[in-house]
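> The structure that follows is given in the form of structure tokens.
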Amino acid sequence: MRIGIPRETLEGETRVAATPETVKKYVAGGNSVIVERGAGDAARYPDQAYEAAGASAGSRTDALGADMVLTVRMPDAGGLGALKPGAILVGMLDPYDSEGLARLAATGVTGFALEAAPRITRAQSLDVLSSQANLAGYKAVLLAAHYYGRLFPMMMTAAGTLKAARAVVLGAGVAGLQAIATARRLGAVVEASDVRPAAKEQVESLGAKFIDVPFETDEEREIAQGVGGYARPMPAAWMARQAALVSERCKQADIVITTALIPGRPAPTLVSAETVQAMKPGSVLVDLAVERGGNCPLSEKGQVVEKHGVTLVGLTNLPALVPTDASALYARNVMDFLKLLVDKDGSPAMQREDEIVAACLVCEAGNVVRRS
Numbered sequence: 577m578r579i580g581i582p583r584e585t586l587e588g589e590t591r592v593a594a595t596p597e598t599v600k601k602y603v604a605g606g607n608s609v610i611v612e613r614g615a616g617d618a619a620r621y622p623d624q625a626y627e628a629a630g631a632s633a634g635s636r637t638d639a640l641g642a643d644m645v646l647t648v649r650m651p652d653a654g655g656l657g658a659l660k661p662g663a664i665l666v667g668m669l670d671p672y673d674s675e676g677l678a679r680l681a682a683t684g685v686t687g688f689a690l691e692a693a694p695r696i697t698r699a700q701s702l703d704v705l706s707s708q709a710n711l712a713g714y715k716a717v718l719l720a721a722h723y724y725g726r727l728f729p730m731m732m733t734a735a736g737t738l739k740a741a742r743a744v745v746l747g748a749g750v751a752g753l754q755a756i757a758t759a760r761r762l763g764a765v766v767e768a769s770d771v772r773p774a775a776k777e778q779v780e781s782l783g784a785k786f787i788d789v790p791f792e793t794d795e796e797r798e799i800a801q802g803v804g805g806y807a808r809p810m811p812a813a814w815m816a817r818q819a820a821l822v823s824e825r826c827k828q829a830d831i832v833i834t835t836a837l838i839p840g841r842p843a844p845t846l847v848s849a850e851t852v853q854a855m856k857p858g859s860v861l862v863d864l865a866v867e868r869g870g871n872c873p874l875s876e877k878g879q880v881v882e883k884h885g886v887t888l889v890g891l892t893n894l895p896a897l898v899p900t901d902a903s904a905l906y907a908r909n910v911m912d913f914l915k916l917l918v919d920k921d922g923s924p925a926m927q928r929e930d931e932i933v934a935a936c937l938v939c940e941a942g943n944v945v946r947r948s
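Numbering-wise, the numbering used here puts 686 at position 110 of the sequence shown, and it's gapless, one number per residue.
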């Protein structure tokens, strides 16, 4: 099979869908690989490294015209037009973007959106959301440290003692847990909140304090369990109690990192404008959900702004700020997914009945298969 690796064209997207490590394995499996010239430059993977791994460097048309095309994001209009009908496209294609999927289906390719993989044990090695969220949580803390005008750890000096920073992490999924761990390693005192009861043990195992919002009804407790590892929208009464408690913690914090996302829905508001106004001057809020509307209404997508004395970091696509490692993890995720599509000798062998393949399939033969 001929596998193509095009350069990403989305502004700020520095990742690449294959690395020399994975290319070498594709070639060893009997595939030919063509990499668009410069595709890995932003991630510090030069063309020479791909060629040494057995790939050939070519034009954008060559890469997009392959039998199987591996991308990080949905190709732009020109890229879609260069895809070959009947080819396979694998990437983070946003399964909730119905308009984008319709455009993709019109090309006649078979598309797989890796974000749609189920949260099951067998799919952990190809879970792109987890691998990239892990890096986002880490980078969020480094950004907070950069914009915060003080130190994270307590420090005792001859000139006096500096108090440790107080951090609040909202959402204890993959990104939130990594943010907690990283902030703790830097010496901050950390509190965290999540709607799922199971998160309490994970938060406390990392040395943070769990902000516990009691459940008053069986309905609240049931909804809080989530589905497939994701949180579900909570009842208004519980959200009001959580908002009041979180607001008080945020007012006392130096660093706030919000990570709450619900697939296919706008990000829930966790930190109100009034709470930001009451936060300490010089404090920092990093909003990892800003691409889906944000967990704070004052966050601005793609911007770092100061409002009411608080620095609001609304940078999107944090994994792209660490592109070498982000690409390495993503490329391994893709490679593990392809084991369900390609036989050991490199010939197509799509396991359609497999629940992972079925969940990720978004278009085929000109039709959208999965709609939000």
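Note that the Cβ used here is the ideal one computed from N, Cα and C, for glycine as well.
In this text the structure is predicted, and so the values were computed from the model without any measurement.
Per the DSSP calculation, N943 is bridged to which residue(s)?
BP columns for N943 point to E940.
> Enumerate, from N- to C-terminal direction, the unbroken alpha helix (DSSP H) stretches of 4 or more residues contained entirely within the segment 681-755.
Segments of the alpha helix (DSSP H) lying fully in the segment 681-755: 704-723.
> Under DSSP, the alpha helix (DSSP H) around S632 begins and ends at which residues?
Note, S632: premise wrong, no alpha helix (DSSP H); beta strand (DSSP E) at 632-634.
> Roughly how many whole angstroms lie between the Cα atoms of V765 and L677?
If I take the Cα positions, the gap works out to 44 Å.
> Specify the secondary structure class of K776 as computed by DSSP and reduced to three states.
Looking at K776 - three-state DSSP - the assignment turns out to be helix.
> Near P857, which residues of its chain fall below 6 Å by C-beta distance, leaving aside the five closest residues on each side in sequence?
So the qualifying residues of the chain are G885.
> Whole angstroms are fine: how far does the CA of S635 sit from the CA of F791?
Using only the alpha carbons, I get a separation of about 58 Å.
> To which residues does DSSP link E767 through a beta bridge?
E767 pairs with V744, K785.
> Just how far apart, CA to CA, sit P873 and L669?
The straight-line gap from Cα to Cα measures roughly 26 Å.
> Where DSSP assigns a beta bridge to S608, which residues make up the other side?
Answer is R578.
> Using DSSP with H/G/I as helix, E/B as strand and the rest coil, what is M668?
Three-state DSSP puts M668 in a strand.
> On the three-state DSSP scale, how would you describe D623?
If DSSP states are grouped into helix, strand and coil, D623 belongs with the helices.
> Could I get the ranges of all uninterrupted alpha helix (DSSP H) runs contained in the segment 843-892, with 4 residues as the minimum, in chain order?
Listed in chain order, they are 849-854.
> Looking at C-beta atoms only, is the number of pairs between the segment 595-610 and the segment 889-908 that lie closer than 8 Å three or more?
Output reads yes: the segment 889-908 touches the segment 595-610.
> Under 7 Å Cβ to Cβ from Y626, same chain only, skipping five residues before and after it: list those, please.
Contacts found: P596, V599, V611, G616, A633.
> By DSSP's criteria, I833 is part of a beta bridge. Which residues make up the other side?
V745, V862, per the DSSP bridge assignment.
> Could you tell me the distance, in whole angstroms, from the CA atom of T737 to the CA atom of L711?
Rounded to whole angstroms, T737 to L711 spans 32 Å at the Cα level.
> If I measure Cβ to Cβ from M731 and keep anything under 6 Å in the same chain, skipping five residues before and after, which residues do I get?
Cβ neighbours of M731 beyond the five flanking positions: L738.
> What distance in whole Å lies between the Cβ atoms of E584 and R994, which are believed to be in contact at a cut-off of 8 Å?
Residue 994 lies beyond the stretch modelled for the chain, which goes from 577 to 948, so this question has no answer here.
> Secondary structure at V592, three-state DSSP: helix, strand or coil?
The answer is coil: DSSP assigns V592 none of H, G, I, E or B.
> Hey, is the segment 690-710 in contact with the segment 892-905, meaning 3+ C-beta pairs nearer than 8 Å?
Yes, the segment 690-710 is in contact with the segment 892-905.
> Look at the alpha carbon of G747 and the alpha carbon of I838, and state the distance between them as a whole number of angstroms.
If you take the alpha carbons of G747 and I838, they lie about 11 Å apart.
> Using the rule of at least 16 other Cβ atoms within 10 Å of the residue's Cβ for burial, across every protein chain shown, is R726 buried or exposed?
Classification for R726: exposed.
> Could you check where the alpha helix (DSSP H) with R908 kicks off and where it finishes?
From DSSP, the alpha helix (DSSP H) with R908 extends over 899-914.
> Report the option in A721, L782, P842 whose CA atom is closest to the CA atom of I831.
Of the listed residues, the one whose Cα sits closest to I831 is A721.
> Look up T637 in the DSSP assignment and say whether it is helix, strand or coil.
Helix, per DSSP.
> Note down, in chain order, each residue of its chain lying with its Cβ closer than 6 Å to the Cβ of K785, except the 5 sequence neighbours on either side.
These residues qualify, in order along the chain: E767.
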